[in-house]
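Participant:
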Amino acid sequence: MHGFVRNSVSNANLCDGLVQYRVLFVKLFMQAQDSADWNSDDDLDLQIDNYQSSPPSSPPAAVPSSDELFATLVDMGFSPENIARAIDEHGPNADTVVIIDAISKYTVNCEASSSKSKTIDHFLAMGFEEEKVIKAIHEHGEDNIEEIANALISSAAEESPKIKEEEDIEWSESDDEKYANFLSSDDEKVSDSSSENGNQLRSLMNMGFSELEASLAIERCGTGEDVSIADLADFICAAQIAREFDEFHADPEEQKPNVKKRRIEPRREPRSSAADDEPLRLPNPMIGFGVPNEPGLITQRSLPAMARMPPFFYYENVALAPKGVWDTISSHLYDVPPEFVDSKYICAAARKRGYVHNLPISGRYQVQPPPKYTISEAFPLTKKWWPEWDKRTKLNCILTVNASAQLTNRIRLALEPYGGEPPESKKKYVIEQCKKWNLVWVGKNKAAPLEPDEMETLLGFPRNHTRGGGMSRTERLKSLGNSFQVDTVAYHLSVLKPLFPYGINVLSLFTGIGGGEVALHRLQIPMKTVVSVEISAVNRNILKDFWEQTNQKGTLIEFADVQDLSNEKIVELMKQFGGFDLVIGGSPCNNLAGGNRVSRSGLEGDQSCLFYEYCRILDVVRETTKTMRRS
DNA sequence: ACCAAGATGACGATCTCG
DNA sequence: CGAGATCGTCATCTTGGT
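If you use full-length UniProt numbering, the first sequence corresponds to residues 1 to 631, in order.
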């Protein structure tokens with residue numbers, strides 16, 4: 001619980017910035033069709049043939065048909081109504097960019113409004129502290145955006161020249177010199193901003209760009225009437241994307257200086273000596289680099305050089321692990337700081353998880369349709385029975401065990417004697433049980449645990465995903481409790497879509513019921529090859545069924561035990577399929593999870609130690625990828 | 001009688017946040 | 001310092017089939 005409930009509607013200016021961004025993103029998306037991947041697939045043409053036949057999935061290399069354009073735009077998060085309206089107004093053969101520009105205008109217009117919370121959000125999104133924002137609004141009046149901005153900027157400049165967005169990003173030894181240059185040239189630009197300069201700076205920041213990005217853009221593009229804000233915004237977006245591409249396409253060995261400099265932290269508040277001593281802290285709100293419909297989006301970060309090489313990797317585990325665990329995980333995954341996200345900011349159920357990955361973070365978008373955001377939206381039938389004194393709008397984390405039918409009975413018996421309003425003591429008992437066991441109201445005085453298919457929906461899986469395959473109800477509950485929240489993962493993986501228009505090769509460790517695969521499928525990223533490792537036979541069946549039912553054109557190979565997957569075997573598989581583009585998986589959390597009273601022994605526990613197998617395998621894949629690229 | 005699978009309840013600690 | 005949340009494990013009992 002945090003004291004400040006944020007408005008779920010993004011403010012108009014930030015939205016404007018995002019729309020601008022999307023425009024550029026789609027432009028690049030279209031251009032990226034003929035750009036080469038990391039792997040120079042000899043049989044690329046063959047693969048293309050296989051995948052062009054699959055429905056709307058892979059976008060074509062040439063000019064997209066209007067249907068494909070429509071699908072792509074929906075994926076990008078534009079509303080179907082606006083897309084249809086734009087196509088209608090400009091004709092089906094209009095230039096893509098014209099269509100997108102038109103949609104952008106509708107979107108901006110329809111979201112313009114003001115409210116106190118929006119004003120606050122607006123400045124929170126720019127990285128200012130909530131307390132100061134509220135104070136500034138109080139002093140200058142909420143309509144006086146300019147004055148508030150000025151007050152906040154000067155206040156921020158006084159105490160620390162650094163920019164909030166970069167606060168939690170480690171500027172490690174790996175950072176390019178250009179970043180250092182950005183930083184040093186930046187401060188002066190900000191402090192001596194002339195009025196014209198300052199106005200543009202503020203406008204850009206209003207759009208959600210950081211002070212750093214904005215001032216750099218002004219420096220590069222110049223100021224004055226001939227340079228529009230849109231031009232500057234485009235410049236920033238282009239720079240962001242170019243940087244992402246550069247980071248991954250450049251050979252890290254060539255650009256990395258041989259001398260390993262000690263970690264430099266320019267313009268940082270003095271931190272206690274070595275960064276390793278300082279344990280990782282969970283962000284509040286737990287939204288990582290940002291989630292859809294919430295302010296505070298961060299679109300760039302700097303990865304340690306070691307992490308900036310193929311393949312992409314994506315590791316997941318519980319956020320609330322014992323102290324020090326995430327530091328260890330991060331240190332074994334090339335010092336990439338974890339991205340902690342609570343899925344309650346994306347769907348109707350909480351799921352606090354940490355994700356360590358080397359994916360780009362700009363250009364993320366949500367898969368459609370977005371998940372229901374509240375309990376009542378997710379389960380409309382519960383509204384009728386939901387007592388007024390149960391204030392929950394979100395469910396707690398879906399666990400591996402469910403409440404018993406007896407508990408439902410006990411709750412009914414506790415409430416039945418009272419007509420409308422039960423006494424406080426009864427209410428307290430019932431609410432406590434409802435929260436503890438994640439119960440929903442399915443009848444008069446009847447609070448019942450979630451059914452497996454309801455969990456599937458909450459977690460972003462297709463209905464009946466875990467049905468069949470020899471799975472009992474108990475096994476379904478267990479497997480679902482151990483799974484990804486698909487919408488969250490898909491949001492993170494969405495950046496892969498423009499990078500792999502012809503599909504990707506995936507190594508999926510600890511696959512479970514295939515959360516990663518479902519995410520990629522929902523993103524319509526074709527899976528050329530999936531090598532899946534999953535110990536549970538019924539889970540393997542579920543993935544196999546999914547593979548067949550969704551008519552996957554690619555190859556699925558399943559293994560049972562990661563410990564049996566030797567380094568030689570991995571190399572063999574990579575040679576066979578041309579390497580892996582993505583290594584994804586969440587290792588067992590048994591010995592990390594808070595609910596475990598018996599063996600919460602940390603990363604060295606019997607099951608959770610398999611994390612090191614993830615590391616071993618990822619290392620082999622990275623090394624082999626390097627060798628394969630050389631030859 | 002026997003077995004396999006499901007159902008149930010007892011079992012705290014360790015975090016974070018306000 | 002108190003409130004609240006947490007991809008859990010285990011022994012035992014019940015159920016349903018042969």
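Idealized CB from N, CA, C, for every residue including glycine.
Note that the coordinates shown come from a computational prediction; the quantities given were computed from them, not determined experimentally.
Below 8 Å on the Cβ atoms is my guess for A448 versus T408; work out the distance and round it to an integer in Å.
Facilitator: Position 448 of the first sequence, counted from the start, is the residue given in the question as residue 448. Position 408 of the first sequence, counted from the start, is the residue given in the question as residue 408. Contact holds; Cβ gap of about 5 Å.
Participant: In whole angstroms, give me the CA-to-CA distance for Y429 and S331.
Facilitator: Your numbering for residue 429 matches position 429 in the first sequence. Your numbering for residue 331 matches position 331 in the first sequence. Their backbone Cα atoms lie some 43 Å apart in a straight line.
Participant: For I504, which three-state DSSP category applies?
Facilitator: Locating residue 504 in the first sequence gives position 504, where the first residue counts as 1. DSSP places I504 in strand when its eight states are reduced to three.
Participant: Rank E388, C397, D390 and W389 by C-alpha distance to the C-alpha of S343 and give the top, closest one.
Facilitator: Here residue 343 refers to the residue found at position 343 of the first sequence. Of the listed residues, the one whose Cα sits closest to S343 is C397.
Participant: Keeping to the same chain, check which residues put their C-beta closer than 6 Å to that of S601; ignore five residues upstream and five downstream.
Facilitator: The residue you call residue 601 lines up with position 601 of the first sequence. Closer than 6 Å at the Cβ level, and outside the excluded window around S601, lie N591.
Participant: State the DSSP-derived secondary structure class of R262, mapped to helix, strand or coil.
Facilitator: Reading the first sequence from its first residue, position 262 is the one you call residue 262. Because R262 carries a pLDDT of 31, less than 50, the predicted location of this residue cannot be relied on, and no value is offered for it.
Participant: Report the residue from F461, K446, K444 and N445 whose alpha carbon sits nearest the alpha carbon of P452.
Facilitator: Residue numbering aside, residue 452 sits at position 452 when the first sequence is read from its first letter. Measuring from the Cα of P452, the nearest candidate turns out to be F461.
Participant: Give the straight-line distance between the Cα atoms of T400 and S376, rounded to the nearest whole angstrom.
Facilitator: Locating residue 400 in the first sequence gives position 400, counting from the first residue. Locating residue 376 in the first sequence gives position 376, counting from the first residue. Cα to Cα, T400 sits roughly 23 Å from S376.
Participant: Output the distance between the C-alpha atoms of L573 and V621, rounded to the nearest integer angstrom.
Facilitator: Here the question's residue 573 lines up with position 573 in the first sequence. Here the question's residue 621 lines up with position 621 in the first sequence. Approximately 10 Å, taken between the alpha carbons.
Participant: DSSP three-state label for A62, please.
Facilitator: One-based indexing of the first sequence puts residue 62 at position 62. With a pLDDT of 35 at A62, under the threshold of 50, the predicted position of this residue should be treated as unreliable, and no value is reported.
Participant: Once you ignore the five residues that flank L280 on each side, which residues in its own chain have a CB closer than 6 Å to its CB?
Facilitator: Residue mapping note: residue 280 aligns to position 280 of the first sequence, counting from 1. Closer than 6 Å at the Cβ level, and outside the excluded window around L280, lie W326 and D327.
Participant: Note down the Cα distance separating F313 from V356, rounded to an integer number of angstroms.
Facilitator: Along the first sequence, one-based indexing puts residue 313 at 313. Along the first sequence, one-based indexing puts residue 356 at 356. Cα to Cα, the separation comes out at about 8 Å.
Participant: Does the beta-carbon of S331, which I'm using as the reference point, lie nearer than 7 Å to any heavy atom of the ligand SAM?
Facilitator: The model on display carries no ligand, and the ligand SAM is accordingly not part of it.
Participant: Can you grab the Cα-Cα spacing for the pair S483 / G503, in whole Å?
Facilitator: The residue given as residue 483 occupies position 483 in the first sequence. The residue given as residue 503 occupies position 503 in the first sequence. Rounded to the nearest angstrom, the two C-alpha atoms are 24 Å apart.
Participant: Okay, do the region 551 to 558 and the region 470 to 485 touch, 3+ Cβ pairs below 8 Å being the bar?
Facilitator: Judged by Cβ distances under 8 Å, the region 551 to 558 makes no contact with the region 470 to 485, as fewer than three pairs qualify.
Participant: Go through the region 464 to 544 residue by residue and report every complete run of the alpha helix (DSSP H) that reaches 4 residues or more, in order.
Facilitator: As far as the region 464 to 544 is concerned, its whole alpha helix (DSSP H) runs of at least 4 residues are 473 to 481, 486 to 493 and 515 to 522.
Participant: S587 and N402 look like a contact to me (Cβ under 8 Å); what is the Cβ gap, rounded to whole Å?
Facilitator: Indexing the first sequence from 1 puts residue 587 at position 587. Indexing the first sequence from 1 puts residue 402 at position 402. Not really, about 24 Å apart at Cβ, beyond 8 Å.
Participant: Please classify A307 as buried or exposed, where buried requires at least 16 neighbouring CB atoms within 10 angstroms.
Facilitator: Within the first sequence, the letter at position 307 stands for residue 307. Classification of A307: buried, given that the 10 Å Cβ count is 16 or more.
Participant: Nearest-angstrom Cα distance between R467 and E339?
Facilitator: To locate residue 467, count along the first sequence from 1; it is residue 467. To locate residue 339, count along the first sequence from 1; it is residue 339. Answer to the nearest angstrom: the Cα atoms are 32 Å apart.
Participant: With A378 as the anchor, note down where its alpha helix (DSSP H) starts and where it stops.
Facilitator: Counted from its first residue, the first sequence places residue 378 at position 378. Residues I375 to A378.
Participant: For the region 481 to 498 against the region 356 to 367, do three or more pairs of beta-carbon atoms, one drawn from each stretch, fall closer than 8 Å, so that the two count as touching?
Facilitator: In short, these stretches touch, since the Cβ pair count reaches three.
Participant: From the DSSP output, in three-state form, read off S631 for me.
Facilitator: Position 631 of the first sequence holds residue 631. Reduced to three states, the DSSP call for S631 is coil.
Participant: Would you say the region 593 to 613 touches the region 288 to 297, given that touching needs at least three Cβ pairs under 8 Å?
Facilitator: No, the region 593 to 613 does not touch the region 288 to 297.
Participant: With a threshold of 16 other CB atoms inside 10 Å of the CB of P371, please say whether the residue is buried or exposed.
Facilitator: To locate residue 371, count along the first sequence from 1; it is residue 371. Its Cβ being crowded by 16 or more others within 10 Å, P371 is buried.
Participant: What three-state label does DSSP hand D606 in the structure shown?
Facilitator: If you number the first sequence from 1, residue 606 lands on position 606. Of the three classes helix, strand and coil, the one that applies to D606 here is coil, per DSSP.
Participant: Please report the distance separating the alpha-carbon of W441 from that of I431.
Facilitator: Taking the first residue of the first sequence as position 1, residue 441 is located at position 441. Taking the first residue of the first sequence as position 1, residue 431 is located at position 431. Whole-angstrom Cα-Cα distance: 11 Å.
Participant: Closer than 7 Å by C-beta to V489: which residues in its own chain qualify, once you throw out the five before and the five after it? Chain order, please.
Facilitator: Walking along the first sequence from the start, residue 489 turns up at place 489. G515, G516 and A519, listed in sequence order.
Participant: Buried or exposed for Y418, please, with buried defined as at least 16 other CB atoms from any protein chain shown within 10 angstroms of its CB.
Facilitator: The residue labelled residue 418 in the question sits at position 418 within the first sequence. Burial call: exposed.
Participant: What does the Cβ neighbour count give for Q300, buried or exposed, with the cut at 16 atoms within 10 Å?
Facilitator: The residue given as residue 300 occupies position 300 in the first sequence. So Q300 ends up on the buried side.
Participant: Which partner residues of N317 appear in the DSSP bridge assignment?
Facilitator: Counting from one through the first sequence, the residue named residue 317 turns up at place 317. In the DSSP output, where bridge partners are listed per residue, N317 has G354.
Participant: Quick check on this structure: which residue in P369, P304, H521 and Y315 has the alpha carbon closest to the alpha carbon of Y612?
Facilitator: Position 612 of the first sequence, counting from 1, holds the residue named residue 612. Among P369, P304, H521 and Y315, the Cα nearest to that of Y612 is on Y315.
Participant: In three-state terms, what does DSSP make of D564?
Facilitator: The residue you call residue 564 lines up with position 564 of the first sequence. Of the three classes helix, strand and coil, the one that applies to D564 here is helix, per DSSP.
Participant: Rounded to the nearest angstrom, what separates P501 and K391 at their Cα positions?
Facilitator: Locating residue 501 in the first sequence gives position 501, counting from the first residue. Locating residue 391 in the first sequence gives position 391, counting from the first residue. So the two alpha carbons sit approximately 45 Å from each other.
Participant: What does E558 pair with, by DSSP beta-bridge criteria?
Facilitator: As a first step, residue 558 is located in the first sequence; it is residue number 558 there, counting from the start. S532.
Participant: Around the C-beta of S404, are 16 or more other C-beta atoms found within 10 angstroms, so that it is buried, or is it exposed?
Facilitator: Position 404 of the first sequence, counting from 1, holds the residue named residue 404. Its Cβ having fewer than 16 others within 10 Å, S404 is exposed.
Participant: For V598 and P322, I'd like the C-alpha separation in whole angstroms.
Facilitator: Residue numbering aside, residue 598 sits at position 598 when the first sequence is read from its first letter. Residue numbering aside, residue 322 sits at position 322 when the first sequence is read from its first letter. Roughly 14 Å separates the two Cα atoms.
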